[in-house]
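Residue numbers for the sequence shown follow the working numbering, so the first one is 37 and each next one is one higher.
Glycine is no exception: its CB is placed at the ideal position from the N, C-alpha and C atoms.
These figures come from a predicted structure and were not determined experimentally.
Below you'll find the structure, written out as structure tokens, and then a few comments.
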Amino acid sequence: MDLEQQAAQMQTFVRELLLLRKAAHKNVVQLLGCCVETSVPLLVYEYVEKGTVRDYLKPQGKNPMAVMQGKTSSFQSLWAWRLHVAVGTAEALSYLHNLPEPIYHLDMKSDNILIDKHYNPKVGDFGLSCLLTSDATHLTNPVGAGTYGYIDPEYFASLRITDKYDVYSFGVILLELLSSWPAYSPPVVLANHFRTAVNMNEETVKHSVQQPSFIDARLESDADTLECMCTVASLAGKCVALKASERPSMQEVFSQLKHVQNRLVAAGPKFKGRVANWRKIDSQDPSEEIPLVFSSSSTNLKSDSDQSSTLSSLSFSVSTQSFSTFR
Numbered sequence: 037m038d039l040e041q042q043a044a045q046m047q048t049f050v051r052e053l054l055l056l057r058k059a060a061h062k063n064v065v066q067l068l069g070c071c072v073e074t075s076v077p078l079l080v081y082e083y084v085e086k087g088t089v090r091d092y093l094k095p096q097g098k099n100p101m102a103v104m105q106g107k108t109s110s111f112q113s114l115w116a117w118r119l120h121v122a123v124g125t126a127e128a129l130s131y132l133h134n135l136p137e138p139i140y141h142l143d144m145k146s147d148n149i150l151i152d153k154h155y156n157p158k159v160g161d162f163g164l165s166c167l168l169t170s171d172a173t174h175l176t177n178p179v180g181a182g183t184y185g186y187i188d189p190e191y192f193a194s195l196r197i198t199d200k201y202d203v204y205s206f207g208v209i210l211l212e213l214l215s216s217w218p219a220y221s222p223p224v225v226l227a228n229h230f231r232t233a234v235n236m237n238e239e240t241v242k243h244s245v246q247q248p249s250f251i252d253a254r255l256e257s258d259a260d261t262l263e264c265m266c267t268v269a270s271l272a273g274k275c276v277a278l279k280a281s282e283r284p285s286m287q288e289v290f291s292q293l294k295h296v297q298n299r300l301v302a303a304g305p306k307f308k309g310r311v312a313n314w315r316k317i318d319s320q321d322p323s324e325e326i327p328l329v330f331s332s333s334s335t336n337l338k339s340d341s342d343q344s345s346t347l348s349s350l351s352f353s354v355s356t357q358s359f360s361t362f363r
């Protein structure tokens, strides 16, 4: 290794060390110490043993509900756990963005959200992160540009970094949590596919007959859960807006997700219909795509009294897109 490479490694090491000293949050991987007596400086982090969020989204990925069965009452469904991941991650990013000297992660992706022994999310890998000093309003041409599929489209034109860069990346993560699709599977970019398949313009959607809803078929299909997922899909659409000025802040995103989570918890596990079919998924060919739920004008669900009820026009925005379920 030449001197230039050594200097670059040391610069990255020092930057990440300084950033993580400031990032003390329950949903951020904690820095325990460092070692400079080795040929390559090392950072020592807390052990986060349950893998990454991406591990749980693959066709034959891990099933947190099977592991947690009988051990916790924190998550009433698979979607409730995924929403918990979204809320915790949003809280961490909101915290980082609102520090006296804000920190931008710049490489947010499902592979960089770790899961601890209690199935809580922890944001890790701050190797590309930048510290916004008090005398700056944006950053220009940072060391790296993140991971394709998660990168703010405006970055390619301006090379300017603001807090909305992380917002865009987080929006892609929300789409992953809803669909289980990867952010980029050549030639498909998930955010672009979402915009094409689901037109967020209300006047256009009113005349749409049937469009894919991006909902992973492993997720529960009761009315409260579907309404919750519609709201999250709408929020994801705002986060991946092509113009940064049209995206919400991470504080706004966290507040909205927390509100959705509180409503879902208040609704309670009352659905008696279809639940996530992991047995079927576990036997699925890993090369096959995860089946999707498609939209329709209404769907029949079972209520507490086992009477058939109708769910109509659950929306991405305001009653503009509806869903039905596979039977």
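Terminal residues of the beta strand (DSSP E) in which residue i lies
i	result
Lys-158	157-159
Val-80	78-81
Extent of the continuous alpha helix (DSSP H) run through residue i
i	result
Ile-209	199-215
Val-64	Counting along the chain, Val-64 falls outside any alpha helix (DSSP H), and DSSP gives it neither H nor E.
Val-121	114-133
Asn-300	According to the sequence as given, residue 300 is Leu; it is not Asn. Taken as a continuous stretch (DSSP letters only), the alpha helix (DSSP H) holding Leu-300 covers 286-303.
Distance between residue j and residue i (C-alpha atoms, nearest Å)
i	j	result
Arg-196	Glu-137	17 Å
Glu-73	Leu-79	12 Å
Asp-342	His-120	Note that Asp-342 scores a pLDDT of 36, beneath 50, so its modelled location is shaky; the value from the coordinates is reported in the next line. Roughly 29 Å between the two C-alpha positions.
His-229	Ser-194	24 Å
Ser-349	Ser-285	Unreliable placement is indicated for Ser-349, whose pLDDT of 32 sits below 50; no coordinate value is reported for it.
Asn-237	Lys-274	Residue placement at Asn-237 is poorly supported in this model, since its pLDDT is 47, which falls under 50; the coordinates still yield a value, given next. Roughly 12 Å between the two C-alpha positions.
Val-84	Lys-98	15 Å
Lys-62	Phe-111	18 Å
Leu-134	Val-225	Checking the displayed sequence, the identity of residue 134 turns out to be Asn instead of Leu. Approximately 30 Å between the Cα atoms of the pair.
Trp-423	Pro-223	Lying outside 37 to 363, the shown extent of the chain, residue 423 is not represented and no answer is given.
Glu-256	Val-296	16 Å
Gly-304	Val-64	29 Å
Glu-40	Cys-71	21 Å
Glu-92	Leu-271	In the sequence as presented, Glu is not what sits at residue 92; that position holds Tyr. Straight-line Cα distance between these residues: approximately 22 Å.
Ala-233	Val-276	14 Å
For residue j and residue i, believed in contact at Cβ under 8 Å, the rounded distance
i	j	result
His-141	Val-159	7 Å
Met-265	Trp-117	With a Cβ gap of about 13 Å, Met-265 and Trp-117 do not count as contacting.
Lys-86	Asp-152	6 Å
Lys-200	Ala-302	Lys-200 to Ala-302, Cβ: 31 Å. No contact.
Tyr-81	Gln-96	About 28 Å; that fails the 8 Å criterion.
Ala-259	Leu-214	Their Cβ separation, rounded to whole angstroms, is 17 Å, which puts Ala-259 and Leu-214 out of contact at 8 Å.
Phe-206	Leu-55	That belief does not hold up - the Cβ atoms of Phe-206 and Leu-55 are roughly 18 Å apart, past 8 Å.
Thr-261	Ser-113	7 Å
Asp-147	Thr-198	About 23 Å separates the two Cβ atoms, so there is no contact after all.
Beta bridge counterpart(s) of residue i as assigned by DSSP
i	result
Tyr-220	Val-225
Leu-150	Thr-88 and Lys-158
Cys-275	For Cys-275, which the question treats as bridged, DSSP gives no partner whatsoever.
Cys-70	Leu-79
Asp-38	None, per the DSSP bridge assignment.
Among the options, nearest to residue i - alpha-carbon criterion
i	options	result
Ile-149	Ala-280, Tyr-201 and Arg-90	Arg-90
Val-203	Ile-187, Glu-212 and Pro-218	Ile-187
Leu-278	Val-84, Leu-68, Glu-190 and Gln-47	Glu-190
Ser-291	Gly-304, Thr-267 and Thr-48	Thr-267
Arg-231	Val-208, Cys-70, Tyr-83 and Asp-252	Val-208
Leu-145	Leu-135, Glu-256 and Pro-157	In the sequence as displayed, the identity of residue 145 is Lys instead of Leu. Of Leu-135, Glu-256 and Pro-157, the residue nearest in Cα terms is Pro-157.
Lys-294	Phe-49, Pro-223 and Glu-127	Glu-127
Gln-42	Pro-77, Lys-62 and Leu-68	Pro-77
Ala-253	Val-296, Lys-94 and Phe-206	Lys-94
Glu-288	Ser-113, Leu-211 and Leu-129	Leu-129
Thr-48	Cys-166, Leu-214, Pro-218 and Gln-297	Cys-166
Leu-211	Pro-222, Ile-251 and Ser-221	Ile-251
Gln-45	Phe-192, Asn-63, Leu-135 and Leu-164	Leu-164
Gly-182	His-154, Ala-219 and Tyr-155	Ala-219
Leu-300	Leu-39, Val-276 and Glu-263	Glu-263
Gly-185	Ser-221, Tyr-155 and His-154	Ser-221
Residue-level contact to chain B via CB, residue i, 8 Å cutoff
i	result
Ser-257	The structure shown contains no chain B; it is built from a single protein chain.
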